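*Asks:* Got a structure for you, questions after.
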Amino acid sequence: MDFAVQFIINVLSLGGAYALMALGLVLVYGILKLVNFAYGELIMVAGYTLHLVGGSPLPWLVMAAVAVVMAMVAGLATDYVAFRPVRAKSVTAVLITSFAFSTLLQNAALLFISPRPRSVPLPEIFSQSVMIAGTPTPMRDIITIAAAVLLLGLFAFLMQKTVLGIAMRAAATNFTMARMLGVPANLIISSAFAISGLLAGVVGILWIGRIGTVAPAIGLEPLLIAFIACVIGGMRSLQGAVLGGFLLAFIDTTLNYTLSQDLLKFRDAFTFSLVILILLWRPDGLMKGPATGQRT
Amino acid sequence: MQRNILTLLILGVLIVAAALLAQFMGIRLYERIATTMFVSMILVLGLQVFMGNSGILSFAHIGFMGVGAYTSAVLSIPDRMKGMALPDLYPILETVQLSPYLSILAGGLVAALVAAALSYPLMRLSDAAAVITSFALLVVLHTVLTHWSAMTNGPRTLFGIPEATSLWLACGVALAALVGAIAFKESRAGQLLRASRDDEVAAAAIGIDITRLRWVGFILAALFAGIGGALWGHFVTSFSPRAFYLKETFLILSMLVIGGANTVTGAVIGTLIVTFAYEALRSLEATINEAGIMADQVIGLTEIVLALAMIAVLSLRPGGLFPAREIGTLLTLKRRKGGRS
Amino acid sequence: MIDVKDLHVRYGAVHAVRGVSLSVADGELVTLLGANGAGKSSSILAIAGAIKASGGSVMLDGRDMTSANPEAMLRAGVATVPETRDVFPDLTVDQNLTLGAYARRRDRKSVAEDRARMFDMFPRLAERREQAGGTLSGGEQQMLVIARALMSRPRILLLDEPSLGLAPAIVDQIFQMIADLKAQKLTILLVEQNARKALQVADRAYVLRLGEVAGSGTAREIAASTDLDALYLGG
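Chains as they are written, first to last, in my numbering: chain X, 1 to 296; chain E, 1 to 341; chain S, 1 to 235.
Structure representation (structure tokens):
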């Protein structure tokens, strides 16, 4: 019973974080058809912001909010620096400019702050535990699950019930037609980047909450997770990204529990092999996206 | 055909000229830079073979460089050193010691084999998913290299690799890579692959097996990468898995992209330009640090400038400096136009 | 209202529209005829701002809108229904209509009134209100996209090949609707391959051939003078 509860909570909290992360990536991809390699750095930005404001007397929630806002700003900056100059030109060009921007951000952190990991202030609640069905559970996990549920719910509401959300979904299907109905392209794109930044910022705080420090390369692992979750979920489906995130969390947690100590180091290799198998079976991912008849 | 020979000649002359220049300047540093540059060129040409013809960006390339380097190292580290260098090595391999040249070839072959085994499912993916998955493949290769201590000495430095790569060996292999890249481009496979790059549906409609073609291109690219990696290993004589990850990926990508991913000319010229820029920036960084102008050590400036340069080049010329036509073609066209007026 | 002068559209090396000039006055229904590949759709898309014109000018009430983007054209009162229909397949009929009124979304009351009006005009759409756009039949989709365009209360409607791929009975319905819209004083620029039906509703017509205007006049003149079969078959 203990083990089952622990397992479920692990999968739910990890899955929630992974799902949010994947959602931010697929949102930009769906609308712009472009992969954002600098997405992981939004977590880095959130982390370093927390570190930099850490000394101030502000309450932690305010500091966290500032960090999330900075992540959103960095998201918008990604659009202006890496996407807009080349968007119309070629898909490959954008992949590379966003990769270049990612390198730029990491090296900026290296140069202007430090290559060494920096500490990040965390509220006490992150290190506390609570008893759930007789199992001590870190509050962190509960908070992550709560945050994921809240944000996923808000996101679903946005996409289904608000004009902006509907416009964003339309833009993802057929941007030109949406524009011919008066939907302003720039607003849609900026909104996508801002929401993507919001999601990354929150995940960033939770992610760093597990580690306690921030370093320039901290965004790599979350980026990879977002990538894989999107690919197995289906690159153009919002629901697919969420599904992919939870599935990946399930695979990772299962491997964590079942691999022997020796093999645990290779966990990522195992995860990847499973992902390859999924892709062999379903090259387009597990969920179909909006029908467009165009190449993904 | 004539245009290709012209391209081959011009680029070949450039490559040999670079080697000659480095040798005659007599400064050991320049020879080292040139040798490393030729290794980069081999890698970039390999990447061009896949990326230029299939239109798909692959992030996994440097991972295969690592596979090649480690394979060659394991096969060629002298008996007496193996105990120290790779304490956990499997008994079978402890007694193996091939000549470096054979191990370099073996490195390329093993890299190609690994690519063949792992990459087929990737080739069926759509563009974006393929790129992302190639990125994941890089991470996996890196993970395996970092943790398979028996074969790689884990995250620690592996030393004891016999030195075998001279300036001229690297130059020679780079020339061979040049020929190989042009040969593939003009081969039936290369042309069919490019057809599928430009119009996937039409290509499939005339019966082209896109997946298999991409796979072939990818394997060939891995062969280049493996050989390049092995060559490099026998040049630096010691390395760790850290040398085969994102920073290096960024560098060779920048070389190919700035030069032009669709042309072999782009691969060669891009390597020349970016190597030059990189070394210049590096020495600038070093000068700044030595002069103590800034309070702290300046690191990362080179990468930042390079990243900005990449973004700038891509916004002005998204196809790179040589986006479509090889240098041989460009020159023959000009002559024809001049002749007519 | 719309004055197009010497419009050129190039797709790389292909010169699809070669100096087309046309005009549409307030309240008119002007039709653009011609065979496949004559450059009709390219002209419409260039006017709408969806593709860039490589030359010429597009004036709307004297304002130069040549380089206006699609959003700006919509705001200026030009609604476009492209040949590809472009229903948003995963959005419901209702959501498609909501998007049509995007530019007016703040004025909730009048948008709601218009929505009700659309459902009156197109009862089939009302029946399928919560259905995904992609599940509608061809004719229903055509009705949806026209209704969607009307939700923005446009001053002029650019309608590209509404009859494409539809059964004759449905085509009749569509043209009846177009005639109704004309009666309501909506200015329409109609691209059609079905020359016969188009000339029945139009005031004036232009005939495009290989990217150029090969003839123009009142609908009656064109109907009388042109060999309509030849027009169809590109002769």
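We put the CB at the ideal spot given by N, CA and C, even for glycine. Note that the coordinates shown come from a computational prediction; the quantities given were computed from them, not determined experimentally.
Who are the near neighbours of SER56 of chain X in its chain, counting only those whose CB is closer than 8 Å to its CB and skipping five residues on each side?
*Replies:* Closer than 8 Å at Cβ, skipping near neighbours: MET63.
*Asks:* What first and last residue would you give for the alpha helix (DSSP H) that runs through SER315 of chain E?
*Replies:* 301–316
*Asks:* Look at the Cβ atom of VAL120 of chain X, then the Cβ atom of VAL214 of chain X, and state whether they are nearer than 9 Å.
*Replies:* In contact: VAL120 of chain X and VAL214 of chain X (Cβ atoms closer than 9 Å).
*Asks:* Residues in the same chain with beta-carbon distance under 7 Å from LEU164 of chain S, minus the five sequence neighbours each way, listed in chain order, please.
*Replies:* GLU83
*Asks:* Which chain X residues are close to ASP107 of chain S, counting only those with a beta carbon under 8 Å from its beta carbon?
*Replies:* Within 8 Å Cβ-Cβ: nothing; ASP107 of chain S doesn't reach chain X, min ~13 Å.
*Asks:* Check whether the Cβ of LEU224 of chain X lies closer than 9 Å to any Cβ atom in chain E.
*Replies:* So yes, LEU224 of chain X belongs to the interface.
*Asks:* Between which two residues does the alpha helix (DSSP H) holding LEU57 of chain E run?
*Replies:* Segment: none, LEU57 of chain E is in no alpha helix (DSSP H) and carries neither H nor E.
*Asks:* Rounded to whole angstroms, what's the CA-CA distance from ARG194 of chain E to GLU186 of chain E? Just pull it up for me.
*Replies:* Rounded to the nearest angstrom, the two C-alpha atoms are 10 Å apart.
*Asks:* What three-state label does DSSP hand ILE225 of chain X in the structure shown?
*Replies:* DSSP places ILE225 of chain X in helix when its eight states are reduced to three.
*Asks:* Looking only at C-alpha atoms, which of E:ALA73, E:SER240 and E:PHE135 sits nearest to GLY154 of chain E?
*Replies:* E:SER240
*Asks:* Identify the continuous beta strand (DSSP E) that holds THR31 of chain S and give its terminal residues.
*Replies:* 29–33
*Asks:* Using three-state DSSP, classify MET151 of chain S as helix, strand or coil.
*Replies:* In the three-state reduction of the DSSP assignment, MET151 of chain S falls in the coil class.
*Asks:* Can you list the residues of chain E that ASN107 of chain X reaches, using a CB-CB cut of under 7 Å?
*Replies:* GLY300, GLU303 and ILE304, listed in chain order.
*Asks:* Can you check whether the C-beta of PRO121 of chain X is within less than 9 Å of a C-beta belonging to chain S?
*Replies:* No, its Cβ sits nowhere closer than 9 Å to a Cβ of chain S.
*Asks:* What is the C-beta distance between ILE161 of chain E and GLY226 of chain E, in whole angstroms, given that I count them as a contact (C-beta under 8 Å)?
*Replies:* About 15 Å separates the two Cβ atoms, so there is no contact after all.
*Asks:* Short of 6 Å in beta carbon distance, which residues of its chain neighbour LEU58 of chain X, apart from the five on each side in sequence? Order them along the chain.
*Replies:* none
*Asks:* Using the rule of at least 16 other Cβ atoms within 10 Å of the residue's Cβ for burial, across every protein chain shown, is PRO308 of chain X buried or exposed?
*Replies:* As shown, chain X starts at 1 and ends at 296. That puts residue 308 of chain X outside it, with no answer to give.
*Asks:* Are the Cβ atoms of VAL257 of chain E and LEU314 of chain E separated by less than 9 Å?
*Replies:* yes
*Asks:* Quick one: give me the first and last residue of the alpha helix (DSSP H) that MET177 of chain S is part of.
*Replies:* In the DSSP assignment, MET177 of chain S falls within the unbroken alpha helix (DSSP H) covering 168–183.
*Asks:* Are there three or more Cβ pairs, one per stretch, closer than 8 Å when the stretch 169–182 of chain E is compared with the stretch 25–45 of chain E?
*Replies:* yes
*Asks:* Determine, using beta carbons only, whether THR92 of chain S and VAL111 of chain S come nearer to each other than 9 Å.
*Replies:* no
*Asks:* Smallest Cα separation from ALA111 of chain E: which of E:ASP88, E:ALA312, E:THR71 and E:HIS147?
*Replies:* Closest option to ALA111 of chain E, Cα to Cα, is E:THR71.
*Asks:* Tell me, to the nearest whole angstrom, how far the beta carbon of LEU190 of chain S is from that of LEU159 of chain S; I am working on the premise that it is less than 8 Å.
*Replies:* 5 Å
*Asks:* Would the stretch 175–195 of chain X and the stretch 48–55 of chain S be scored as touching if the rule is three or more Cβ pairs under 8 Å?
*Replies:* yes
*Asks:* Would you say ARG148 of chain S faces chain X, with C-beta separation under 9 Å as the test?
*Replies:* yes
*Asks:* Which residues share a DSSP beta bridge with THR254 of chain X?
*Replies:* DSSP lists no partner for THR254 of chain X.
*Asks:* Quick one: which unbroken alpha helix (DSSP H) runs of 4-plus residues sit fully inside the stretch 62–109 of chain E? Chain order, please.
*Replies:* Runs of the alpha helix (DSSP H) inside the stretch 62–109 of chain E: 79–85 and 91–94.
*Asks:* From this set, X:ILE143, X:THR162 and X:CYS230, which residue's C-alpha is nearest GLU124 of chain X's C-alpha?
*Replies:* X:ILE143
*Asks:* Between E:GLY26, E:THR143, E:TRP168 and E:LEU86, which lies nearest to ARG242 of chain E when the distance is taken from Cα to Cα?
*Replies:* E:THR143
*Asks:* Using a Cβ-Cβ cutoff of 9 Å, what residues of the stretch 182–215 of chain E are near chain X? List them in chain order.
*Replies:* GLU200 and VAL201
*Asks:* At what residue ranges does the stretch 73–132 of chain X contain a whole run of the alpha helix (DSSP H), taking only runs of 4 or more?
*Replies:* 91–112
*Asks:* Let me make sure I understand the geometry here. Which of S:SER57, S:GLU212 and S:VAL145 has the alpha-carbon closest to that of LEU157 of chain S?
*Replies:* S:VAL145
*Asks:* Restricting to runs no shorter than 4 residues, where is the alpha helix (DSSP H) found entirely within the stretch 158–231 of chain X?
*Replies:* 163–173, 175–180 and 185–211
*Asks:* State the Cα-Cα distance for the pair THR211 of chain E and ALA205 of chain E, rounded to the nearest angstrom.
*Replies:* 14 Å
*Asks:* Please name the residue or residues paired with SER23 of chain S in a DSSP beta bridge.
*Replies:* S:ASP3
*Asks:* With 16 as the cutoff for other CB atoms within 10 Å, does PRO100 of chain E come out buried or exposed?
*Replies:* A buried status is given to PRO100 of chain E, since no fewer than 16 other beta-carbon atoms sit within 10 Å of its beta-carbon.
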